[in-house]
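Enquirer: Numbering (UniProt numbering), first residue to last: 1 to 275.
Here it is, the structure, as structure tokens.
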């Protein structure tokens, strides 16, 4: 079974994404930070890692793009996961018994409309959604509820007090599948690249126009600060195509407009629906 590093503990959304990608039995390596995931790959303690990079509500996790560049990791796939938040507590506990709610700050923010309806409840931040559920079970906190996914409720034997409390019901997170070594297939139709530009007017427009001419679709672009170089940035971009040869040709031409350009990986694009 592949050993997959995830951020968080079992029952986290990262585990759900790992299982969706693998579609077969897996082993998990729990990491409490994204940097720990990268180190696990670097030190050959995991075969691959699953890392969230953007959410349809919260936006991009720019620090994770920085980690991918820093550790020179390779992208071999992606997963889109619909995020549904559940309010859960120990069996027998009712909503009116709750005095504390704990979860990851992003999850708390995504459930703000529901949380605003509650009174006399203290909201506290935790490192991970599933870890919040685990803490309630281990410490037997009868006055506390967690916000996490349905899998965490099942794993830690908690009852769901309120289902789907997320404010936006079309809430998706994109996860990248990362490895230490590259993976390349002629059937790939998406790529992630990283590049720095020459300090000349119009270089970003010139580089992007190369992809336009070769009918390569830009689906995402992010700027990430370059550590040690104040006010200089590295760009991360995702591209899709119908003809891989055209992409390879465009990438070679684009090199003349960049001071450095790295192909982080090619892979099969994933999709999501709004059902």
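All C-beta atoms, glycine included, are put in the ideal place defined by N, C-alpha and C.
From a predicted model like this one, the values you see are computed outputs, not experimental measurements.
Given residue 275, which residues of its chain have a CB within under 8 Å of its CB, disregarding the five upstream and five downstream residues?
Expert: Unreliable placement is indicated for residue 275, whose pLDDT of 49 sits below 50; the coordinate value is still reported in the next sentence. There are no such residues.
Enquirer: For residue 17, which of helix, strand or coil comes out of DSSP?
Expert: DSSP places residue 17 in helix when its eight states are reduced to three.
Enquirer: Please check the pair residue 52 and residue 104, which I expect to be a contact at CB under 8 Å, by giving their CB distance rounded to whole angstroms.
Expert: Actually they do not touch by this definition, with Cβ atoms about 11 Å apart.
Enquirer: For residue 7, which of helix, strand or coil comes out of DSSP?
Expert: Correct three-state label for residue 7: strand.
Enquirer: Between the segment 86-105 and the segment 199-219, do at least 3 Cβ pairs fall closer than 8 Å?
Expert: Segments in contact, no.
Enquirer: Is residue 135 helix, strand or coil by DSSP?
Expert: Three-state result, residue 135: helix.
Enquirer: For residue 203, report the span of its alpha helix (DSSP H) as first-last.
Expert: Note, residue 203: alpha helix (DSSP H), 203-213.
Enquirer: What are the uninterrupted segments assigned as beta strand (DSSP E) that are 3 or more residues long and contained completely in the segment 149-224, given in chain order?
Expert: If we require 3 residues or more, the beta strand (DSSP E) runs fully inside the segment 149-224 come out as 159-162, 172-179 and 190-197.
Enquirer: Nearest-angstrom Cα distance between residue 79 and residue 21?
Expert: Going by the C-alpha atoms only, they are around 6 Å apart.
Enquirer: Using the Cα positions of residue 27 and residue 39, report the straight-line distance between them to the nearest angstrom.
Expert: Their Cα atoms are separated by approximately 17 Å.
Enquirer: Since I believe residue 87 is in contact with residue 147 (beta carbons under 8 Å), could you give me their beta-carbon distance rounded to a whole number of angstroms?
Expert: About 6 Å; that satisfies the 8 Å criterion.
Enquirer: Alpha carbon to alpha carbon, what distance is there between residue 128 and residue 11?
Expert: One C-alpha to the other measures close to 10 Å.
Enquirer: Start and end of the alpha helix (DSSP H) containing residue 106?
Expert: First-last of the alpha helix (DSSP H) with residue 106: 105-110.
Enquirer: What would DSSP say about residue 63, mapped onto helix, strand or coil?
Expert: Helix at residue 63.
Enquirer: Identify which residue in 233, 269, 240 and 187 has its Cα closest to the Cα of residue 261.
Expert: Selected option, being the one with the closest Cα: 233.
Enquirer: Express the C-alpha separation of residue 172 and residue 81 in angstroms, rounding to a whole number.
Expert: In a straight line, the C-alpha of residue 81 is about 5 Å away from that of residue 172.
Enquirer: For residue 174, count the other beta carbons within 10 Å of its own beta carbon; 16 or more makes it buried, fewer makes it exposed. Which is it?
Expert: With 16 or more Cβ atoms within 10 Å of its Cβ, residue 174 is classed as buried.
Enquirer: I need the straight-line Cα distance from residue 140 to residue 181, nearest angstrom please.
Expert: Cα-Cα distance, rounded: 43 Å.
Enquirer: Are residue 236 and residue 69 close, meaning C-beta to C-beta below 9 Å?
Expert: Closer than 9 Å, so yes.
Enquirer: Starting from the C-beta of residue 223, find all residues in its chain whose C-beta is less than 7 Å away, skip the five residues before and the five after it, and write them out in chain order.
Expert: Here the set comprises 233 and 235.
Enquirer: On the three-state DSSP scale, how would you describe residue 260?
Expert: Strand at residue 260.
Enquirer: When you compare the CB positions of residue 250 and residue 216, do they come within less than 9 Å of one another, or not?
Expert: Cβ distance < 9 Å, so residue 250 and residue 216 count as in contact.
Enquirer: Which residue comes first and which comes last in the alpha helix (DSSP H) that contains residue 95?
Expert: First-last for residue 95: undefined, no H or E at that position.
Enquirer: Assign residue 140 to one of three DSSP states: helix, strand, or coil.
Expert: Reduced to three states, the DSSP call for residue 140 is coil.
Enquirer: Just mark residue 228 as buried or exposed, buried being the case when its beta carbon has 16 or more other beta carbons within 10 Å.
Expert: Counting Cβ neighbours within 10 Å, residue 228 comes out exposed, since fewer than 16 surround it.
Enquirer: Could you compute how far the alpha carbon of residue 161 sits from the alpha carbon of residue 89?
Expert: Near 7 Å, if we compare the C-alpha coordinates of residue 89 and residue 161.
Enquirer: Classify residue 57 as helix, strand or coil using the three-state DSSP reduction.
Expert: Looking at residue 57 - three-state DSSP - the assignment turns out to be coil, as it is neither helix nor strand.
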